[in-house]
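Inspection log for the structure reproduced underneath, given as structure tokens.
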Amino acid sequence: MKYSVIITVYNKEKYIKRAVRSVLKQTYKDFELIIVDDGSTDHSLKRAREIKDERIKIITQENMGAAAARNSGIKAASCDYIGFLDADDAWKPDFLENINILTEEYPEAGLYAAAHEAVLPSYRTEKHVLSTQDWKGRSFGLVDDYFKHALKAPFISASSVVIPRRVLEEMGYFCETIRRGEDLLMWCRIALNYRIAFCNKVCAVYFKNAQNRTDARNDPSNGFTDTFQWHAEEILAEGRKARNYSGYFKEYILKMLIVKARYHLELNQKKQARTILSRCAKTRENRKYLMKVYMMSLVPDTILQGILRIV
2 MKYSVIITVY
12 NKEKYIKRAV
22 RSVLKQTYKD
32 FELIIVDDGS
42 TDHSLKRARE
52 IKDERIKIIT
62 QENMGAAAAR
72 NSGIKAASCD
82 YIGFLDADDA
92 WKPDFLENIN
102 ILTEEYPEAG
112 LYAAAHEAVL
122 PSYRTEKHVL
132 STQDWKGRSF
142 GLVDDYFKHA
152 LKAPFISASS
162 VVIPRRVLEE
172 MGYFCETIRR
182 GEDLLMWCRI
192 ALNYRIAFCN
202 KVCAVYFKNA
212 QNRTDARNDP
222 SNGFTDTFQW
232 HAEEILAEGR
242 KARNYSGYFK
252 EYILKMLIVK
262 ARYHLELNQK
272 KQARTILSRC
282 AKTRENRKYL
292 MKVYMMSLVP
302 DTILQGILRI
312 V
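Position 75 of the sequence shown, counted from 1, bears residue number 76 in the numbering used here, the numbering being contiguous throughout.
Right under this line is the structure:
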């Protein structure tokens, strides 16, 4: 068996069967499916147990967050390649088949992913593909620079990725102290040390219209300190020592810093926001976003919070 598929679930009783069935319908059959229930208080666990298949293994634990649930699944997995799917998302039937082409073609890669489509609350769909990557007529290949493309738009989701077990172990698994963006941190660390193989065919569906999404915005009262963006400076320092460090990586982190400045605005901390923005003054790729957040920092408080809710 080559692939272990991990579905993490917390209060997804409406969607868990859709996710599980999308895995069981894969045209590539050589996999095990590990469902990690992260302390659900609804009927998610009951719904998962209603599906009978010898390839399914169910793990239960107290609620510890998405990263801890993924890590529990990794440690219980028996295969060399680990795939991830959120309980409110789904795979197209050929996801693993296309990923298997990538793993056979590029065994040296540290991460394998496929394009995905997002279903918005309006039920309109958006495709997330690499439109600027040239693979000379092929629909798959090695990404030239992850950070260059991620600057424009996120093209890898937590439900469209497979990672070698050895790479996950080398990276120290998912960071459990970051509760939002821990997946972005993992992609970032892998991209700093390995090439990424990508299939431009849409093979996964990310449902933004699902209730209680695992990546829903944090409550500002927590200070946003458990987000990937809040730790951007530390990640920049770590990345400077990596083999794939590039100017695009620095620009990517500067974008995260601008996001952090925006978080400070949501907390009515304008001085802190402008201090961070001043450190981003030399950005080349994020000029418009920098100016947008800076202009918001000049708006009176009574108006600012209304703007932040819609922008």
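Using N, Cα and C, we set each Cβ at its ideal position, and we do this for glycine too.
Query	Result
In terms of residue numbering, what span does the beta strand (DSSP E) encompassing K283 cover?	Looking at the DSSP string, K283 is not in any beta strand (DSSP E), and its letter there is neither H nor E.
Comparing C-alpha positions only, which one of T28, K53, H44 sits nearest to I35?	K53
With a threshold of 8 Å on Cβ separation, who are the neighbours of L266 within its own chain once the five nearest residues in sequence on each side are excluded?	A274, V294, M297, S298, L305, L309
Return the chain-ordered list of same chain residues with a C-beta closer than 8 Å to the C-beta of R167, the five sequence neighbours on each side being excluded.	D81
DSSP puts Y82 in a beta bridge; with which residues?	Y4, P165
When the Cα of I60 is compared with those of I157, G40, G248, I259, which residue comes out closest?	G40
Taking the C-alpha atoms as reference points, what is the distance between M172 and L112?	12 Å
Report the option in I7, L291, G240, Q27 whose CA atom is closest to the CA atom of C189.	G240
Suppose contacts are defined by Cβ-Cβ distances below 8 Å. Is D89 in contact with F208 by that definition?	yes
Tell me the DSSP secondary structure of V260 in three-state form.	helix
Shortest alpha-carbon distance to I259 belongs to which of T276, Y246, A238, Y249?	T276
Return the CA-CA distance between E106 and L143, expressed in angstroms with no decimal places.	10 Å
A69: which of I7, T303, H129 sits nearest, CA to CA?	I7
According to the neighbour-count rule (16 or more other Cβ atoms, all chains shown, within 10 Å of its Cβ), is P122 buried or exposed?	exposed
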